[in-house]
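Residue numbers (this note's numbering): 29 to 341.
By construction, the Cβ of each residue, glycine as well, lies at the ideal position given by its N, Cα and C atoms.
Everything numeric in this text was worked out from a predicted model, so none of it was measured.
The structure under discussion appears below in the form of structure tokens.
Below, the structure written as structure tokens:
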């Protein structure tokens with residue numbers, strides 16, 4: 029199959045995914061660290077065919093389908109919001125979606141929109157900030173809030189913050205990681221808190237993994253966070269949240285034991301799925317499916333799928 033044919037097949041697959049709604053949303057809780065109360069959820073897309081979300085969104089952007097996919101995801105989130113406990117529901121959008129006139133048409137009069145938060149990521153290169161500001165102002169008047177994601181990951185986030193004046197600033201996991209033992213990270217987090225206060229934006233920490241990080245965030249003045257330490261993504265119906273606010277070291281150790289048990293169970297499922305995948309790949313190769321075709325299906329590079337298969341033979 030030629031590259032042109034592969035691209036045509038990929039386009040058809042993504043268009044079919046959008047048309048048929050062949051995806052589900054997992055919701056990761058955002059909590060108030062002092063009490064453990066859930067204040068919102070981030071909607072994370074999971075594709076029915078098992079494609080990597082990051083790679084699928086990159087492919088959609090390259091093929092000019094990002095806005096179509098984003099709008100389908102927003103519609104799904106709005107349809108599920110009634111089944112989600114109280115709190116905001118955040119959805120990541122590409123730059124092309126933010127600039128698409130259909131976004132306002134979809135959201136301005138939609139039920140549940142007042143619980144929606146639009147997240148603009150570091151990777152969203154916005155070519156027309158004036159139009160983006162206009163679009164977001166229209167949505168804000170309908171009760172929708174705006175967040176800038178991955179703050180601190182690169183220059184673009186600061187450009188987004190200065191131009192879009194978000195209601196929420198989501199601090200990148202690269203700053204959260206080891207913040208309890210790194211004075212530079214603590215200083216940057218404290219600076220973000222002061223900056224957020226000056227522009228009226230709330231800071232949310234991403235990628236929280238330990239009780240020590242939670243304690244350091246609270247000391248820095250950051251009281252909202254998401255990450256494996258406070259709640260894993262889950263499909264509807266959502267389970268009750270297991271997060272408990274920071275307590276004694278014994279309580280923290282008990283939470284770590286429970287978390288490790290959940291991870292071990294998840295890894296057992298992953299290994300079982302990998303064994304089934306390896307068998308299926310071997311069968312596909314025997315019938316003449318090429319490495320390039322497998323790479324497109326699995327969402328990894330040709331070299332990656334070839335190396336993986338040969339190592340496991």
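Whole-angstrom distance between residue j and residue i, CA atom to CA atom
| i | j | result |
| --- | --- | --- |
| residue 71 | residue 37 | 28 Å |
| residue 69 | residue 212 | 29 Å |
| residue 236 | residue 322 | 35 Å |
| residue 320 | residue 43 | 21 Å |
| residue 115 | residue 316 | 50 Å |
| residue 240 | residue 299 | 30 Å |
| residue 252 | residue 187 | 23 Å |
| residue 127 | residue 153 | 11 Å |
| residue 132 | residue 117 | 17 Å |
| residue 96 | residue 86 | 13 Å |
| residue 33 | residue 318 | 13 Å |
| residue 51 | residue 81 | 10 Å |
| residue 156 | residue 311 | 49 Å |
| residue 194 | residue 238 | 28 Å |
| residue 107 | residue 144 | 12 Å |
| residue 29 | residue 304 | 26 Å |
| residue 367 | residue 313 | Nothing in the structure corresponds to residue 367, since the chain is present only between 29 and 341. |
Coil, strand or helix - residue i by DSSP
| i | result |
| --- | --- |
| residue 85 | helix |
| residue 181 | coil |
| residue 256 | coil |
| residue 116 | strand |
| residue 405 | Outside the displayed span of the chain (29 to 341) sits residue 405, for which this structure offers no information. |
| residue 250 | coil |
| residue 234 | coil |
| residue 107 | helix |
| residue 68 | strand |
| residue 136 | coil |
Residues near residue i in its chain [Cβ-Cβ closer than 6 Å; skip 5 each side]
| i | result |
| --- | --- |
| residue 102 | 119 |
| residue 228 | none |
| residue 111 | 264 |
| residue 136 | 170 |
| residue 123 | 152, 153, 154 |
| residue 159 | 127 |
8 Å Cβ shell around residue i - same chain, five flanking residues per side excluded
| i | result |
| --- | --- |
| residue 40 | none |
| residue 142 | 170, 171, 172 |
| residue 76 | 45, 50, 51, 52 |
| residue 91 | 35, 38, 39, 42 |
Rounded Cβ spacing between residue i and residue j (contact assumed at less than 8 Å)
| i | j | result |
| --- | --- | --- |
| residue 56 | residue 259 | 6 Å |
| residue 99 | residue 61 | That belief does not hold up - the Cβ atoms of residue 99 and residue 61 are roughly 33 Å apart, past 8 Å. |
| residue 140 | residue 109 | 4 Å |
| residue 232 | residue 196 | 6 Å |
| residue 200 | residue 234 | 6 Å |
| residue 105 | residue 125 | About 13 Å separates the two Cβ atoms, so there is no contact after all. |
Chain-order list of residues whose beta-carbon lies under 7 Å from that of residue i (same chain, five-residue window excluded)
| i | result |
| --- | --- |
| residue 54 | 72, 74, 261, 262, 263 |
| residue 203 | 180, 213, 216, 217 |
| residue 185 | 150, 176, 178, 179 |
| residue 244 | 207, 208, 214 |
Identity of the residues DSSP links to residue i by a beta bridge
| i | result |
| --- | --- |
| residue 52 | 74 |
| residue 262 | 55 |
| residue 198 | 232 |
Residue i Cβ short of 7 Å to the ligand SAM heavy atom set
| i | result |
| --- | --- |
| residue 161 | What this structure holds is no ligand at all, so the ligand SAM is not there to describe. |
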